[in-house]
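A.B. asks: For reference, the structure I am asking about is given below.
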Amino acid sequence: MTTNPINEEPVNEPPNDAVQQTDDDDDDDDDEKLPFSLTLGSKSYSSQIRPKTPPPEFAGPMTTWPTPADLLAARSMPPHPTPSPYLISSWLNDYPHQAPNPPAIRPVRGYRSQSTASQKSNTISPPFPWATNQRGEIQSLEYLESKQITTITGEVQCRHCENVYPVSYNLKERFAEVEKIFITRKRIMRERAPSIWLNPEQRRCELCGREKAVKPVIAERKSQINWLFLLLGQTLGFCTLEQLKNFCKHSKSHRTGAKDRVLYLTYLGLCKMLQPKCDLFTRDNGSKR
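Letter 123 of the sequence shown, counting from 1, is numbered 123 in UniProt numbering, and no numbers are missing.
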């Protein structure tokens, strides 16, 4: 027991046994917290910790999804690789096979050049007594009078009864009618056929009696067309534009333009053949092209 110097009252101190017991309890607690292990040799605690694995020097490949272009390229690739020529030849030698037939070779067709195909002889057998041996050309009035050819005959057909019969024109009388039109209307026409030439009137059929039913028969072959008969009957307008251009081609006349222009030149050219020396049937210098 100790004495407090101030109050001089005794102070009770805990016994040593209690203190020692308390210390022993703490030691027991520490012993329970520390793990107990047996080791071979002395090793520090830090040496027992497993070191961390260092990261790899290069990162692994990235996983990418295929793009639409990659899918298209994969579809275009053949499903199987093409075998080498050596494998193909060895397979052909090992297994019997039938030799493929050689491709059929078509014979080369010989095309004629345009100039050779379109070339035709200008000399023909005269289809009529008043025609020459040149395509689209007729004899002159002087020649026909010397041969006493005064009547020009041709064929017409009725569109109702469909009968074909001959019709004859007086050469001088009919030509005088055409000549009169040129004398009175040449300047007015201005190289354009009048309506009476462009749309000729159909005549009365002598067999069935129908009015406006008869048309001249025009040969399909241009070299066989009866040009003088059509001129005297003033029925050249029933010809097609192609037929009129063909005549102007062989008569060396202008053959481009509308039908009324080509038809006028056809009338003018035929009259010029009948009277080559007449200036009435000569084209004006200003209109020549």
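Glycine included, every Cβ here is placed at the ideal spot set by N, Cα and C.
Do you know how far the Cα of Y143 is from the Cα of T235?
C.D. replies: In a straight line, the C-alpha of T235 is about 24 Å away from that of Y143.
A.B. asks: Restricting to runs no shorter than 3 residues, where is the beta strand (DSSP E) found entirely within the segment 168–235?
C.D. replies: 214–216
A.B. asks: When DSSP labels each residue in this structure, what does C248 get in the three-state scheme?
C.D. replies: helix
A.B. asks: Hey, would you say the C-beta of K222 is under 6 Å away from at least one heavy atom of the ligand GDP?
C.D. replies: Inclusion of the ligand GDP in the displayed structure is not the case, the ligand content being empty and no account of it being possible.
A.B. asks: Quick one: any contact between the segment 239–251 and the segment 190–204, if contact means 3 or more CB pairs under 8 Å?
C.D. replies: no
A.B. asks: Going by the beta-carbon positions, is the gap between V214 and R203 smaller than 7 Å?
C.D. replies: yes
A.B. asks: Just to confirm my understanding: we take D255, look at its own chain, exclude 5 residues before and 5 after, and list those with CB closer than 7 Å. What are they?
C.D. replies: It should be pointed out that residue 255 corresponds to Arg in this sequence rather than to Asp. Here the set comprises K245, C248, K249 and V262.
A.B. asks: Can you look up residue 326 in the DSSP assignment and give me helix, strand or coil?
C.D. replies: With the chain covering only 1 through 289, there is no way to say anything about residue 326.
A.B. asks: Taking C-alpha atoms, which residue in C239, R174 and E137 lies nearest to residue 296?
C.D. replies: As displayed, the chain neither begins before 1 nor continues past 289, which places residue 296 out of reach and without an answer.
A.B. asks: Could you give the distance in angstroms between the alpha-carbon of K222 and the alpha-carbon of N133?
C.D. replies: 14 Å
A.B. asks: Out of G136, Q224 and I138, which has the shortest C-alpha to C-alpha gap to E155?
C.D. replies: Q224
A.B. asks: If you follow the alpha helix (DSSP H) that D260 is in, where does it begin and where does it stop?
C.D. replies: K259 to L274
A.B. asks: Tell me whether C158 is buried or exposed, calling it buried when 16 or more other Cβ atoms sit within 10 Å of its Cβ.
C.D. replies: buried
A.B. asks: According to DSSP, is Q154 helix, strand or coil?
C.D. replies: As written in the sequence, residue 154 is Gly, which differs from the Gln given in the question. In the structure shown, G154 sits in a strand (DSSP, three-state: E or B).
A.B. asks: Mind reading off the beta-carbon distance from I152 to L207? Whole number of angstroms is fine, and I expect it under 8 Å.
C.D. replies: Contact flag wrong, Cβ pair sits at about 21 Å.
A.B. asks: What is the DSSP secondary structure of Q243, reduced to helix, strand or coil?
C.D. replies: helix
A.B. asks: Take the Cβ of T266 as the centre, count every other Cβ of all protein chains shown within 10 Å, and call the residue buried at 16 or more, exposed below.
C.D. replies: buried
A.B. asks: Which one of L141, N170, C205 and S146 has the shortest CA to CA distance from V164?
C.D. replies: C205
A.B. asks: Are G269 and S251 touching if we call contact CB-CB under 7 Å?
C.D. replies: yes
A.B. asks: Going by other Cβ atoms of all chains shown within 10 Å of its Cβ, with 16 needed for buried, is N170 buried or exposed?
C.D. replies: exposed
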